[in-house]
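Participant:
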Amino acid sequence: MRRCCLILVPSSKKFVSHSSRRTTACFSTIGFDLPDWFRNPDGDASCAGLDDQEDIFVLPTELNPSDEQSQNRNSRPLSIRNAFPASHEDAEFEADVDEVSRILSARFASPEAIVIAMDCYSVRVTGHLVDKILTRFSNDWVAAFGFFMWAGTQGGYCHCADSYDLMVDILGKSKQFDLMWGLINQMVEVGGLVSLMTMTKVMRRLAGASRWTDAIDAFHRMDRFGVVKDTKAMNVLLDTLCKERSVKRARGAFQELRGTIPPDESSFNTLVHGWCKARMLKEALETMEEMNQHGFSPSVVTYTSLLEAYCMEKDFQTVYSLLDEMHKRRCPPNVITYTIVMHALGKAGRTREALDMFDKLKEDGVAPDASFYNSLIYILGRAGRLEDAYSVVEEMHKTGIPSNVTTFNTLISAACDHSQAENALKLLVKMEEQSCKPDIKTYTPLLKLCCKKQWVKTLLFLVCHMFRKDISPDFSTYTLLVSWLCRNGKVAQSCLFLEEMISKGFTPKLETFDLVMKKLEKRNLQIMYKKIHMLRTHITNLRHTNSFQ
DNA sequence: TGAAGTTTAA
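According to UniProt numbering, the first sequence is numbered sequentially starting from 1.
See below:
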């Protein structure tokens, strides 16, 4: 097979020979630690020797836009400049961000160690800098909290309520609940910084960690921090419990609270939605009845939740009759209702009926929005009708609805599913051109495709691209990287991602450990095997301890 | 994310 370079610069061969150095530079300017094999993929015997034959940084010929076979000859060639536009906003600010990132990337044992280390540097602390660093290190609570504490001691600067809320959320996400409560107390001491926004994060993170009782307790204690326990606050609690897999606890809390806090339409709709998502239709209908008794008739929100439940059951007959009922009751379906029904029909393989919903929406005089179009694009992509999907994007633009990150993600995912890597990468570049910030879901299908095609260096290039955009892999992306690299004969890289995953506070599945260890054993890589085995034991012990807490 | 909807790894 003829091959050419992924990043199409005038002299592709030159780029191939310098690719690793260039990519390394991307990392070093923002201060991330690069594994040794990445700095020097061909020269380091200790790592390179572990892997199969080194691939070169190339993709198959179909990816060359200058090629005769190229699908879109009018598009601009992909280039390193397009992929990494330099920011000229504020050089000093960027330099400070890079400096702090570089310091924080060294693995510190505790936030206190970071406070000590940071004191050797002169960085001008501003709210903007704090937010940027906290966002970048949102999956690394030690780094984020160490920096946050240090920044708080800098003269002429005080954390604002939003920065506190961001830090509370990071600690909650990492299950550092004692530290999180400590910070809440500090917010109270500083003076009235705790808001319903703060408590919302607290309740959601507690419930997300299956600490539902603690979430309910947090609600009860809210007024001690100066936050009023009103209907809005109660609705947050109910919604949190419903969304975090405990609609029964939500009902319990509602029954307990409704004597003192008057429920509104949202309170009931939240519960109805909770039951519907849990596929407990009987309870949903009972709550609707109760809602009626309180003088609230079902709204389009209530009906839409119910419709979604019937969609999940694939009971489209009931779905159609409910849509009729909505019209008759002068509570007509809106764009959200139509999105749900169309999406469910499309997913069930009933593409024709799904597309009919687009006509129904138009007949009703309902204006489609970005989410509706995105869903339509998804259905067309799934049905292999990519050209039609691109036409929908054009229609969106004509209607004045700009594509958003989900539009791009859906298109990229569809292109990857149909092995159209060139189009997928072009879409990534187009996102940058349109200042549409990618997220983790942008990269996942691309990474998956790279793994499938064994384009390991392209994959690492994309990982680098992600870091520059402040997008760090989540649990599932790490799992994907570790297992795919391992299966594709890149066991050394796989181990490095596994270690990094653990250092970021993620707990890999035991199957992930076993997969890596099996490969290491097969290759007789004893030192690395022992290291991973130790990590596995450590994780198993931690799980054991936690299960008794 | 957060009273209802859109992308996603086996």
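Every residue gets a Cβ at the ideal spot worked out from N, C-alpha and C, and that includes glycine.
Quick one: what does DSSP say Thr507 is sitting in, helix, strand or coil?
Facilitator: If DSSP states are grouped into helix, strand and coil, Thr507 belongs with coil.
Participant: Between which residues of its own chain and Val456 is the CB-CB distance below 8 Å, once the five residues before and five after are set aside?
Facilitator: Excluding positions up to five away in sequence, the list reads Asp55, Cys450, Leu485, Asn488, Lys490 and Gln493.
Participant: Of the residues Asn235, Arg224 and Phe177, which one's Cα is nearest the Cα of residue 550?
Facilitator: No statement about residue 550 is possible, as the shown extent of the chain runs from 1 to 549 and does not include it.
Participant: Verify whether the separation of the beta carbon atoms of Cys276 and Glu308 is less than 7 Å.
Facilitator: yes
Participant: With DSSP run on the structure shown, which of helix, strand or coil describes Tyr157?
Facilitator: In the three-state DSSP reduction, Tyr157 falls in the coil class, being neither helix nor strand.
Participant: I need the straight-line Cα distance from Gly191 to Lys173, nearest angstrom please.
Facilitator: Distance between Gly191 and Lys173, taken at the CA atoms: about 25 Å.
Participant: Just verifying my parser: in three-state terms, what is the DSSP assignment at Val294?
Facilitator: The sequence given here places His at residue 294; Val does not occur at that position. Correct three-state label for His294: coil.
Participant: Going straight from the alpha carbon of Met357 to that of Phe316, what length do you get?
Facilitator: 13 Å
Participant: Relative to the C-alpha of Phe145, which residue among Leu481, Val130, Gly155 and Tyr157 is closest?
Facilitator: Val130
Participant: Is the Cβ-Cβ distance between Trp141 and Val115 less than 7 Å?
Facilitator: no
Participant: Got a sec? Which residues, its chain only, sit under 7 Å from Met288 by beta carbon, not counting five neighbours each side?
Facilitator: Val272, Pro298 and Thr302
Participant: In whole angstroms, what separates the C-alpha of Asp98 from that of Glu244?
Facilitator: 37 Å
Participant: Hey, how far is the Cα of Val341 from the Cα of Cys311?
Facilitator: A straight-line Cα-Cα distance of about 7 Å links Val341 and Cys311.
Participant: Which whole-angstrom value describes the C-beta separation of Val482 and Met501, a residue pair presumed to lie in contact below a C-beta threshold of 8 Å?
Facilitator: 7 Å
Participant: Just how far apart, CA to CA, sit Leu50 and Thr507?
Facilitator: Per-residue confidence for Leu50 stands at a pLDDT of 32, beneath the threshold of 50, marking its modelled position as unreliable; the derived number appears in the next sentence. CA-to-CA, the gap between Leu50 and Thr507 works out to about 25 Å.
Participant: What residue range is occupied by the uninterrupted alpha helix (DSSP H) comprising Asn374?
Facilitator: Ala370 to Arg382
Participant: If you draw a straight line from the alpha carbon of Asn524 to that of Thr153, how long is it in whole angstroms?
Facilitator: 51 Å
Participant: If you check the beta carbons only, do Thr270 and Asp230 fall under 7 Å apart?
Facilitator: no
Participant: Give me, in chain order, the residues of the same chain whose beta-carbon lies closer than 6 Å to that of Asp214; leave out the 5 immediate sequence neighbours on both sides.
Facilitator: Leu206
Participant: Along the alpha helix (DSSP H) that carries Thr337, what are the first and last residues, could you check?
Facilitator: First-last of the alpha helix (DSSP H) with Thr337: Val335 to Lys347.
Participant: Straight-line CA distance for Ala250 to Arg124?
Facilitator: 46 Å
Participant: Could you tell me which uninterrupted beta strand (DSSP E) segments, each at least 3 residues in length, are contained entirely in the region 418-482, listed from first to last along the chain?
Facilitator: none
Participant: Taking only runs that begin and end inside the region 118-172, name each unbroken alpha helix (DSSP H) of 4 or more residues, in chain order.
Facilitator: 127-136 and 141-152
Participant: DSSP three-state call for Cys331: helix, strand or coil?
Facilitator: coil
Participant: What residues in its chain sit with their C-beta under 8 Å from that of Lys448, if we drop five residues either side in the sequence?
Facilitator: Cys416, Leu480 and Trp484
Participant: Measuring alpha carbon to alpha carbon, tell me which of Gly155, Ile184, Phe177 and Leu237 ends up nearest Thr162.
Facilitator: At residue 162 the sequence reads Asp, which differs from the Thr that was named. Ranking the options by Cα distance to Asp162, first place goes to Ile184.
Participant: How about Ile377 and Ala389: do their beta carbons lie closer than 7 Å?
Facilitator: yes
Participant: Using alpha carbons as the reference points, say which of Arg536, Lys522, Lys314 and Ile471 lies closest to Leu134.
Facilitator: Selection Arg536, Lys522, Lys314 and Ile471 evaluated against Leu134 yields Ile471 as nearest (Cα-Cα).
Participant: Which first and last residues belong to the alpha helix (DSSP H) in which residue 596 is found?
Facilitator: It is not possible to answer for residue 596, since the shown part of the chain is limited to 1 through 549.
Participant: Quick test of your reading: Leu196 and Ala233, contact by CB under 8 Å. State the CB separation rounded to the nearest angstrom.
Facilitator: 6 Å
Participant: Looking at Val516: is its Cβ nearer than 7 Å to the Cβ of Leu535?
Facilitator: no
Participant: Which word fits Gly346, buried or exposed, when buried means at least 16 other C-beta atoms lie within 10 angstroms of its C-beta?
Facilitator: buried
Participant: Just to check my reading of the structure: Met167 and Phe148 have Cβ atoms closer than 8 Å, yes? What is that Cβ distance to the nearest angstrom?
Facilitator: 5 Å
Participant: Would you kindly check if the distance between the Cβ of Val393 and the Cβ of residue 556 is under 7 Å?
Facilitator: The requested residue 556 is not part of the displayed model; the chain covers only 1 to 549.
Participant: Give me the Cα-Cα distance between Glu521 and Gln454, rounded to the nearest whole angstrom.
Facilitator: Those two C-alpha atoms are separated by around 22 Å.
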